[in-house]
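Per our numbering, residue 103 is the first one in the sequence shown, and the count goes up by one each step.
Glycine included, every Cβ here is placed at the ideal spot set by N, Cα and C.
Bear in mind that the values here come from a model prediction, so they are computed numbers and not experimental data.
What follows is one structure encoded as structure tokens, with my remarks underneath.
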Amino acid sequence: MSTDSITLNAPLDMHLHLRQGKMLERVAAASAAHFAGAVIMPNLVPPVDSLDALLRYKDEVLAAIGASTFIPYMTLFFRDYSEAELQAAKPHIIGIKLYPAGVTTNSEAGTRSIDDAKPTFARMEALGIPLLVHGETSGFVLDREREFVGIYDELAREFPKLKIIMEHITTADAVAFLDTHPNVFATITVHHLLITLDDVAGGLLQPHLFCKPIAKRPEDRRALLDAALNAHPKVMFGSDSAPHPRHAKEACGCAAGVFSAPMALACLTELFDYYDALDNLQAFISGNAQRIYKLTPVAKHVTLNRQPWTVPTYLDEVTDSIDAVRLFKAADVLSWQVSSLH
Ligand code: NCD
Ligand code: ZN
Numbered sequence: 103m104s105t106d107s108i109t110l111n112a113p114l115d116m117h118l119h120l121r122q123g124k125m126l127e128r129v130a131a132a133s134a135a136h137f138a139g140a141v142i143m144p145n146l147v148p149p150v151d152s153l154d155a156l157l158r159y160k161d162e163v164l165a166a167i168g169a170s171t172f173i174p175y176m177t178l179f180f181r182d183y184s185e186a187e188l189q190a191a192k193p194h195i196i197g198i199k200l201y202p203a204g205v206t207t208n209s210e211a212g213t214r215s216i217d218d219a220k221p222t223f224a225r226m227e228a229l230g231i232p233l234l235v236h237g238e239t240s241g242f243v244l245d246r247e248r249e250f251v252g253i254y255d256e257l258a259r260e261f262p263k264l265k266i267i268m269e270h271i272t273t274a275d276a277v278a279f280l281d282t283h284p285n286v287f288a289t290i291t292v293h294h295l296l297i298t299l300d301d302v303a304g305g306l307l308q309p310h311l312f313c314k315p316i317a318k319r320p321e322d323r324r325a326l327l328d329a330a331l332n333a334h335p336k337v338m339f340g341s342d343s344a345p346h347p348r349h350a351k352e353a354c355g356c357a358a359g360v361f362s363a364p365m366a367l368a369c370l371t372e373l374f375d376y377y378d379a380l381d382n383l384q385a386f387i388s389g390n391a392q393r394i395y396k397l398t399p400v401a402k403h404v405t406l407n408r409q410p411w412t413v414p415t416y417l418d419e420v421t422d423s424i425d426a427v428r429l430f431k432a433a434d435v436l437s438w439q440v441s442s443l444h
């Protein structure tokens, strides 16, 4: 299929870091412009781990979005929650996000024992609340996700009605695991479809490509591409767009996170077009997520045209200070661009 224009119906970003305060105000518009909604991550400082905190954060997000048509699907930060807490939270959340303690940005308050978490998993299963997981162990960096697949396997068996979302998968092992249990699903980022560890550390170190989980081997990227381009029914797009200011990225001790919200749709369209898979983009960007999470998103059509544009280097007007936020694909020319919303 060769076409110069594609209209996507209700694109959804099923894993997004919007941050809070000034950073939230700076980044919200980029996602709200191109997406009909996003799953908002709870790894704030302190984490969003009560209904009160979640409702306050949602108000802050809605204020930052302003008049755009965009639904923030909120998540709680996993801890032990009582039945009453879960029941009260259920109407306000799309799921609960589990971070093993210390594996990524702002995860110090995360889970230290999967066994101890099981009573809460059982309550979530009974109430039909999905479990979203940052699936990395604290092992050797390239093996962390593969090692965690064993934990996914245990949970999927023990809690067969619990919907488990493997967030931002990066390995062929995780892709293969998708087919082993009906209650296991995954999100895939755009950067993990485009880069491998070579792009991060094969030449001069690229801090703006450093994220958790770290990009892996070419064969892993190939497996992710196969799943995304074929719109494997259990995968959804989740950007994991995670802005950090330059002083946190270009530092001794670089923060993990790639900021991809502003060009994610254009990059995906270019990629699906390159592989002659544009017919599957709608399912990857929205259809699968709607089916998996039983969502009915707001009506929002986003049209992209085959028209070259240059990705800006930095977000907004803050371009030459330590507070600047550098974009994924900065200064690259992409062959597709978002042209209109309706
Ligand atoms: C995320 C962040 O900065 O909040 N960073 C990242 O590298 N992906 C956290 C996360 O999703 O792991
Ligand atoms: Zn994330």
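| Whose C-alpha, out of 141, 392, 354 and 170, is nearest the C-alpha of residue 156? | 141
| request: Could you work out which residue in 441, 199, 187 and 175 is closest to residue 236 when comparing CA atoms only? | output: 199
| message | Rounded to whole angstroms, what is the Cα-Cα separation between residue 191 and residue 302? | response | 39 angstroms
| Beta-bridge partners of residue 360, as assigned by DSSP | 343
| message | Between 436, 383 and 308, which has its C-alpha nearest residue 352's C-alpha? | response | 308
| Is it right to say residue 64 is buried, meaning 16 or more other beta carbons lie within 10 angstroms of its own, or is it exposed? | Because the chain in this structure spans residues 103 to 444, residue 64 falls outside the shown range and cannot be described.
| query | Pick from 284, 349 and 365: whose alpha carbon is nearest that of residue 412? | reply | 365
| task | Tell me whether residue 268 sits in a helix, a strand or coil according to DSSP, three-state version. | result | strand
| Going by Cα to Cα distance, which pick from 312, 108, 240 and 422 is closest to residue 354? | 312
| Cα-Cα, which of 386, 392 and 347 is closest to residue 430? | 347
| query | For residue 107, which of helix, strand or coil comes out of DSSP? | reply | Reduced to three states, the DSSP call for residue 107 is strand.
| said: Are there any heavy atoms of the ligand NCD lying less than 7 angstroms away from the beta-carbon of residue 444, as far as the coordinates show? | reply: no
| query | Taking contact to mean at least 3 C-beta pairs separated by less than 8 angstroms, is the stretch 272–280 in contact with the stretch 313–333? | reply | yes
| request: Taking residue 115 as part of the beta strand (DSSP E), name the residues at either end of that continuous run. | output: 114–118
| residue 193 (DSSP reduced to helix, strand or coil) | helix
| said: Taking the alpha carbon of residue 295 as the reference point, which residue from 267, 325 and 306 has its own alpha carbon closest? | reply: Ranking 267, 325 and 306 by CA distance to the CA of residue 295 puts 325 first.
| query | residue 388: buried (16+ other C-beta within 10 angstroms of its C-beta) or exposed? | reply | buried
| field | Coarse secondary structure for residue 384, derived from DSSP in three states | value | The answer is helix: DSSP assigns residue 384 an H, G or I state.
| query | Are there three or more Cβ pairs, one per stretch, closer than 8 angstroms when the stretch 145–152 is compared with the stretch 372–380? | reply | no
| task | Could you please give the first and the last residue of the uninterrupted beta strand (DSSP E) stretch that includes residue 246? | result | Unbroken run through residue 246 is the alpha helix (DSSP H), 246–260; no beta strand (DSSP E).
| message | DSSP three-state label for residue 124, please. | response | helix
| field | Helix, strand or coil at residue 332 [DSSP, three-state] | value | coil
| message | Can you check which of these residues, 153, 434 and 379, is closest to residue 177 by C-alpha distance? | response | 153
| task | Count the other C-beta atoms from every protein chain shown that fall within 10 angstroms of the C-beta of residue 359, then say buried if there are 16 or more, exposed otherwise. | result | buried
| request: Express the C-alpha separation of residue 187 and residue 380 in angstroms, rounding to a whole number. | output: 43 angstroms
| request: Identify the continuous alpha helix (DSSP H) that holds residue 229 and give its terminal residues. | output: 216–229
| task | Report whether the distance from the Cβ of residue 322 to the nearest heavy atom of the ligand NCD is below 7 angstroms. | result | no
| In three-state terms, what does DSSP make of residue 310? | helix
| request: Using the Cα positions of residue 391 and residue 322, report the straight-line distance between them to the nearest angstrom. | output: 22 angstroms
| task | Taking the CB atoms as reference points, tell me whether residue 335 and residue 119 lie closer together than 8 angstroms. | result | no
| query | Going by the beta-carbon positions, is the gap between residue 194 and residue 341 smaller than 8 angstroms? | reply | Taking a C-beta distance under 8 angstroms as the contact criterion, residue 194 and residue 341 do not qualify as a contact pair.
| In the structure shown, what three-state DSSP assignment does residue 420 receive? | coil
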